[in-house]
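A.B. asks: Have a look at this one.
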Amino acid sequence: MDYSNCPTIHPLTRTERKCLELIATGHSDTDIGQQLILTQSEVRTIISVATIKLGVKNRMAAVARATRLGILEFENQTREA
Numbered sequence: 000m001d002y003s004n005c006p007t008i009h010p011l012t013r014t015e016r017k018c019l020e021l022i023a024t025g026h027s028d029t030d031i032g033q034q035l036i037l038t039q040s041e042v043r044t045i046i047s048v049a050t051i052k053l054g055v056k057n058r059m060a061a062v063a064r065a066t067r068l069g070i071l072e073f074e075n076q077t078r079e080a
């Protein structure tokens with residue numbers, strides 16, 4: 000990812016990006032943990048760090064900001080009902 004146009008944004012790790020992508024597509028922390036082989040606590044910590052790096056207050060704001068910045072890459076990951 001090219002963060003050169005966002006000097007206040009700290010680069011997100013691959014796992015942080017994947018967690019945000021999964022949140023954006025309707026997955027719960029449990030779903031995310033199962034897909035990424037992480038505990039719910041680890042998922043929550045990863046998401047919290049991502050929100051701090053993006054300079055926002057919550058996970059949905061993190062998804063919105065990362066999407067606006069072109070950081071997230073969605074690959075037909077919508078949650079099945």
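For the sequence shown, the positions run 0 to 80 when numbering that gives the first Met the number 0 is used.
Glycine included, every Cβ here is placed at the ideal spot set by N, Cα and C.
Remember, it's a predicted structure, so these values are computed and weren't measured experimentally.
(1) Looking only at its own chain, which residues have a Cβ that is under 7 angstroms from the Cβ of Ser27, when we skip the five neighbours before and after it?
(2) For Met59 and Thr66, what's the separation of their Cα atoms in angstroms?
(3) Would Ala63 and Ile46 be called neighbours here (beta carbons separated by less than 9 angstroms)?
(4) Taking buried to mean at least 16 other C-beta atoms within 10 Å of its own C-beta, is Gly32 buried or exposed?
(5) Name the two residues that bound the continuous alpha helix (DSSP H) containing Leu21.
(6) In the structure shown, what three-state DSSP assignment does Thr29 receive?
(7) Given this structure, state the Cα-to-Cα distance separating Ile70 from Ala23, to the nearest angstrom.
(8) Looking at the secondary structure, which residues open and close the alpha helix (DSSP H) in which Leu53 lies?
C.D. replies: So, to answer that:
(1) none
(2) 10 angstroms
(3) no
(4) buried
(5) Arg13 to Ala23
(6) helix
(7) 13 angstroms
(8) Gln39 to Leu53
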